[in-house]
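First to last, the protein sequences are chains A and B.
For the first sequence, UniProt numbering begins at 1 and goes up steadily by one.
For the second sequence, UniProt numbering begins at 1 and goes up steadily by one.
Heads up, the beta-carbon is just placed ideally off N, CA and C, and yes, glycines get one too.
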Amino acid sequence: MATDTRTTVSEGFGEVSRTVGTAFRYLLLAATLVGILAVGVLFVYVGNDAIQPLTADPGWHLTFFLTLVVPTLAVGGVLRARADGSFRVGLESLGLLAVMPLFAGGVATLFLSVLPALVTFSYAVALGLVVATVVALMRSRRVGFGAKLLVVGVATVVSLLFVPGIIQSLPFVPVEWLLVALTLGTPVAAIAGAYATSSWNDRRTGRIAGAAALGGVVAAGLLGSLIGFGGTAATILAAVAGVPVALYAATALDRHPARRDGLLLPLTVVGGMLLGAFLVRTVGFAGPAAWLDWAFLTGPNSITAEDAGIYPALVGSILLMLIVALLSFPVGIGAAVYLEEYAPDSRLAQLIEVNIANLAGVPSVVYGLLGLGLLARMLDEGLPILPAAIADPLGLEPVRVGANLFGIGTVFVGGMTLSLLILPIVIISSQEAIRSVPPSQRQASYGMGATRWQTIRNVVLPKAFPGILTGTILALGRAIGETAPLLVIGAPNQFGLPQELSSRVGAMPLQIYAWATTSGTPEFYAKVIPAGVVVLLVAMLAMNSVAIVLRNRFQS
Amino acid sequence: MADNSSTRVSRRKFIAASGTAGALALAGCTSNDSGDDGGNGGAGGDNGGNGDGSTTTEGGSGGSLSGEINVTGSSTVYPLAQAVAEEFMGQHDGVNITIQSTGSGGGFQNYFCVGDSDINNASRPIAEDETQLCSDNGVTPVELKVATDALTVVVNNEADFVDEITFEQLDQIWSAEEPPTTWSDVDSDWPDEELNLFGPTEASGTYDYFLETVIGEEGPGMRTDYQATENDRQIVQGVQGSQYAMGFFGFAYYSNNPDVVKALSIEGGESDGAVEPSLETAKSGDYPLARPLFTYPATEALADEHVAEFARYFVEQSTNQELVAGTVGYVPNSDEEMQEAMDALDSAIESA
Numbered sequence: 001m002a003t004d005t006r007t008t009v010s011e012g013f014g015e016v017s018r019t020v021g022t023a024f025r026y027l028l029l030a031a032t033l034v035g036i037l038a039v040g041v042l043f044v045y046v047g048n049d050a051i052q053p054l055t056a057d058p059g060w061h062l063t064f065f066l067t068l069v070v071p072t073l074a075v076g077g078v079l080r081a082r083a084d085g086s087f088r089v090g091l092e093s094l095g096l097l098a099v100m101p102l103f104a105g106g107v108a109t110l111f112l113s114v115l116p117a118l119v120t121f122s123y124a125v126a127l128g129l130v131v132a133t134v135v136a137l138m139r140s141r142r143v144g145f146g147a148k149l150l151v152v153g154v155a156t157v158v159s160l161l162f163v164p165g166i167i168q169s170l171p172f173v174p175v176e177w178l179l180v181a182l183t184l185g186t187p188v189a190a191i192a193g194a195y196a197t198s199s200w201n202d203r204r205t206g207r208i209a210g211a212a213a214l215g216g217v218v219a220a221g222l223l224g225s226l227i228g229f230g231g232t233a234a235t236i237l238a239a240v241a242g243v244p245v246a247l248y249a250a251t252a253l254d255r256h257p258a259r260r261d262g263l264l265l266p267l268t269v270v271g272g273m274l275l276g277a278f279l280v281r282t283v284g285f286a287g288p289a290a291w292l293d294w295a296f297l298t299g300p301n302s303i304t305a306e307d308a309g310i311y312p313a314l315v316g317s318i319l320l321m322l323i324v325a326l327l328s329f330p331v332g333i334g335a336a337v338y339l340e341e342y343a344p345d346s347r348l349a350q351l352i353e354v355n356i357a358n359l360a361g362v363p364s365v366v367y368g369l370l371g372l373g374l375l376a377r378m379l380d381e382g383l384p385i386l387p388a389a390i391a392d393p394l395g396l397e398p399v400r401v402g403a404n405l406f407g408i409g410t411v412f413v414g415g416m417t418l419s420l421l422i423l424p425i426v427i428i429s430s431q432e433a434i435r436s437v438p439p440s441q442r443q444a445s446y447g448m449g450a451t452r453w454q455t456i457r458n459v460v461l462p463k464a465f466p467g468i469l470t471g472t473i474l475a476l477g478r479a480i481g482e483t484a485p486l487l488v489i490g491a492p493n494q495f496g497l498p499q500e501l502s503s504r505v506g507a508m509p510l511q512i513y514a515w516a517t518t519s520g521t522p523e524f525y526a527k528v529i530p531a532g533v534v535v536l537l538v539a540m541l542a543m544n545s546v547a548i549v550l551r552n553r554f555q556s
Numbered sequence: 001m002a003d004n005s006s007t008r009v010s011r012r013k014f015i016a017a018s019g020t021a022g023a024l025a026l027a028g029c030t031s032n033d034s035g036d037d038g039g040n041g042g043a044g045g046d047n048g049g050n051g052d053g054s055t056t057t058e059g060g061s062g063g064s065l066s067g068e069i070n071v072t073g074s075s076t077v078y079p080l081a082q083a084v085a086e087e088f089m090g091q092h093d094g095v096n097i098t099i100q101s102t103g104s105g106g107g108f109q110n111y112f113c114v115g116d117s118d119i120n121n122a123s124r125p126i127a128e129d130e131t132q133l134c135s136d137n138g139v140t141p142v143e144l145k146v147a148t149d150a151l152t153v154v155v156n157n158e159a160d161f162v163d164e165i166t167f168e169q170l171d172q173i174w175s176a177e178e179p180p181t182t183w184s185d186v187d188s189d190w191p192d193e194e195l196n197l198f199g200p201t202e203a204s205g206t207y208d209y210f211l212e213t214v215i216g217e218e219g220p221g222m223r224t225d226y227q228a229t230e231n232d233r234q235i236v237q238g239v240q241g242s243q244y245a246m247g248f249f250g251f252a253y254y255s256n257n258p259d260v261v262k263a264l265s266i267e268g269g270e271s272d273g274a275v276e277p278s279l280e281t282a283k284s285g286d287y288p289l290a291r292p293l294f295t296y297p298a299t300e301a302l303a304d305e306h307v308a309e310f311a312r313y314f315v316e317q318s319t320n321q322e323l324v325a326g327t328v329g330y331v332p333n334s335d336e337e338m339q340e341a342m343d344a345l346d347s348a349i350e351s352a
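The following block contains the structure:
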């Protein structure tokens with residue numbers, strides 16, 4: 001029974017090799033780099049084909065290196081070394097300056113090519129009246145909820161039915177750019193005002209900011225139409241890009257004086273670009289013979305590679321994304337809120353959750369078949385409001401609506417198919433965002449006597465909103481690249497600008513597929529397709545950048 | 001309380017904003033029908049809801065056309081239709097022409113005869129059962145010849161053992177009856193290497209024409225163990241990638257890729273020796289695989305002015321040497337052929 005005190009207890013400690021761990025670590029590093037490298041090589045390859053930077057004069061590269069790259073690196077380095085947050089301000093303002101004009105371009109294509117200004121304006125006014133009714137009713141405490149709902153419902157129907165018609169038949173209407181300025185500038189001004197109110201914590205500043213935004217948009221439109229840039233284009237550029245950039249700069253200057261030097265970074269970049277362009281033009285250095293130029297971006301498709309442009313596909317993709325966002329956002333968030341906040345923890349709810357997770361993994365071509373079978377073929381005659389099975393016994397005529405929206409390969413069916421495709425992803429990511437709201441905050445809200453609806457509205461949704469938006473935008477980024485479902489629902493190989501929701505669908509990945517398959521000459525492979533891929537990737541990255549910024553800003 | 005104050009401000013803001021907006025709107029007014037021509041042009045009748053908007057446009061903008069035209073059908077006619085549509089859309093901003101390459105038969109069966117497209121292209125005449133299907137659905141096709149093609153049989157550039165081929169050899173290679181596996185099975189002078197075959201699918205008019213002309217409709221039919229695609233570019237790539245490959249498609253895809261694959265001269269039918277495929281031999285009729293290409297507008301769709309105009313334009317352009325032969329690579333119609341097609345089209349438009 002004597003205790004054994006042999007000294008070989010530490011047998012296992014004797015020789016511990018570090019080699020395994022080191023090897024494991026570098027294996028993981030390699031695994032990380034493989035993906036990034038492969039994508040990087042693709043970017044370089046495609047970018048080189050589309051832009052062809054090597055065709056430029058060496059002097060051109062040198063000029064821009066001296067006027068743009070060197071000063072930017074210098075200013076960036078100094079700001080970064082200061083480590084007081086000004087570098088971040090610089091990066092953010094630079095990002096805004098780079099991305100917002102892209103969004104302005106996207107909005108501009110819609111207003112210039114798809115949405116007639118007067119029709120959009122009339123519907124915007126109708127919606128504005130509905131919003132005004134809601135705001136007016138919210139003040140009143142004597143009217144019951146049922147009555148409020150009834151009034152809002154009636155106001156919505158009456159407003160949407162009659163107001164657009166009345167406005168469109170007016171004998172005199174504002175010029176097109178002014179219509180766009182009012183349609184777009186009013187909500188932008190309202191948002192700018194709200195943002196300014198919250199960041200200055202002062203309502204008067206908010207009102208001034210809103211008025212300045214609207215005034216700025218209108219002034220830009222006037223200026224644009226006078227100097228021949230195009231009133232509508234200038235209006236949209238001011239509303240979508242100008243207002244946010246100005247607001248950001250004003251906030252940085254006035255609210256965070258310590259970091260205001262960060263604004264030097266975008267100034268350096270813009271100044272460097274202008275100076276470089278001026279020098280290159282005066283000296284006469286030739287720029288790169290890029291395939292991706294203005295003519296490619298704004299031209300229609302063609303059978304010859306030289307004339308082929310991507311504009312109809314670009315507009316088609318933007319229109320599709322608009323439909324997908326409008327359809328999948330409310331439905332997906334609604335489902336997520338229900339599942340997280342209301343659904344009882346039952347077998348049924350669990351079954352639904354598991355199935356949503358499974359649906360997120362269903363291949364896109366299957367969704368395409370769903371779109372073809374259900375939306376394009378079964379609903380070809382329209383959505384049955386009063387189906388024949390019920391109408392016939394009652395001796396009534398069956399009622400179907402939206403017959404022209406449904407059908408083979410229409411924009412609407414394409415948008416709905418893509419919405420269904422990303423809906424599970426939107427639901428799951430929204431659920432994650434809602435789940436990450438701390439339960440203590442909910443309980444605090446309940447503790448103060450708030451109802452569940454008030455808690456969701458005032459605590460959960462505001463807190464979860466950035467996360468919800470991030471997930472939705474990333475899902476949209478998946479939808480913009482989808483080709484297979486659109487092909488299955490009968491998308492054409494050659495398409496022009498979509499004119500209405502019942503037009504045949506067109507999109508950038510479809511156009512690239514058509515170039516790669518039906519266009520005969522090798523020139524399409526060497527130049528046109530890379531240029532198209534770059535446009536598609538830039539559009540996708542611009543969308544994703546919003547998600548990334550939101551995530552970074554609100555993660556804390 | 002917080003609720004209350006926030007709504008009061010937003011209402012005041014709303015009034016201020018709408019007041020500013022109204023003042024601005026008064027400042028920049030134009031007459032509705034002149035100033036907004038361009039704007040309404042894009043409306044195209046949103047959903048019947050703003051029908052009055054689109055009618056004023058049609059009256060106001062001096063006979064310019066607007067609307068959608070959906071074209072389906074043959075992949076052989078696709079490049080020609082695309083070139084014509086491109087020109088037409090360049091002249092008429094408001095018209096959106098979409099073209100889907102479905103194969104002649106695929107287009108008739110799945111789209112045109114069930115009313116899902118206005119025009120179907122075909123690289124063979126419409127078949128009887130397709131006419132039946134169309135009339136069952138109240139669709140009346142009008143046959144318009146738009147060009148002549150030389151169906152081209154191609155092999156790899158490295159295949160120096162073969163320059164010409166006869167109908168009998170083609171029949172032997174492609175027929176389902178005892179399909180050979182190697183080149184030497186067909187001709188003992190050819191190498192003992194595996195045949196690598198690429199061709200169009202059954203939905204294709206090119207398939208139908210080849211079957212009828214070379215193999216014979218009554219025979220055993222086409223073999224099925226070849227790589228079938230409705231995408232002529234893939235046939236080019238397949239043949240380019242394998243030294244012992246063979247494929248066939250319309251002449252346009254060969255004339256676009258003359259250096260990457262080799263076209264065979266064909267002997268058969270009434271031809272005098274082996275004839276190489278070219279626009280000249282197809283036009284003269286010497287080339288045994290020369291065939292007409294068609295487009296079939298639906299008479300019902302021709303009731304719309306923009307569809308009728310496009311069909312007329314298509315027929316007019318079918319004699320355009322530069323477009324049909326130069327850009328696309330088919331034999332243009334002669335003036336008589338064009339006139340014949342135009343007469344057929346005009347009478348169809350009148351009856352529509």
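If you reduce the DSSP assignment to three classes, tell me which class residue i lands in.
i	result
B/T131	helix
B/D149	strand
A/R142	coil
A/L394	helix
A/V173	strand
B/M338	helix
B/V139	coil
A/V437	coil
B/E280	helix
B/F198	strand
Using 7 angstroms as the threshold, is the C-beta distance between residue i and residue j below it?
i	j	result
B/A348	B/T281	no
A/G368	A/A484	yes
A/A305	A/F172	no
A/L550	A/P438	no
A/G262	A/S86	yes
B/Y253	B/R124	no
Who are residue i's beta bridge partners in DSSP?
i	result
B/Y296	B/N120
B/E164	B/S265
B/I99	A/Q494, B/V71
B/F249	B/T152
B/M222	B/S175
Keeping to the same chain, check which residues put their C-beta closer than 6 angstroms to that of residue i; ignore five residues upstream and five downstream.
i	result
B/V324	A147, Y330, P332
A/S122	P164, I167, Q168
A/R25	none
A/W515	F524, V528, I529
Would you kindly work out how many angstroms separate the C-alpha atoms of residue i and residue j, rounded to a whole number?
i	j	result
A/G371	A/T417	5 angstroms
A/V16	A/Q431	45 angstroms
B/G105	A/V315	32 angstroms
B/Q227	B/G238	9 angstroms
B/S278	B/V155	16 angstroms
A/I548	B/Q109	48 angstroms
A/G105	A/T268	23 angstroms
B/F198	B/A245	7 angstroms
A/G373	A/I408	10 angstroms
Might you give, ordered along the chain, the residues of its own chain that have their beta carbon closer than 7 angstroms to the beta carbon of residue i, omitting 5 neighbours on each side?
i	result
A/I356	P424, I427, I428
A/T156	V130
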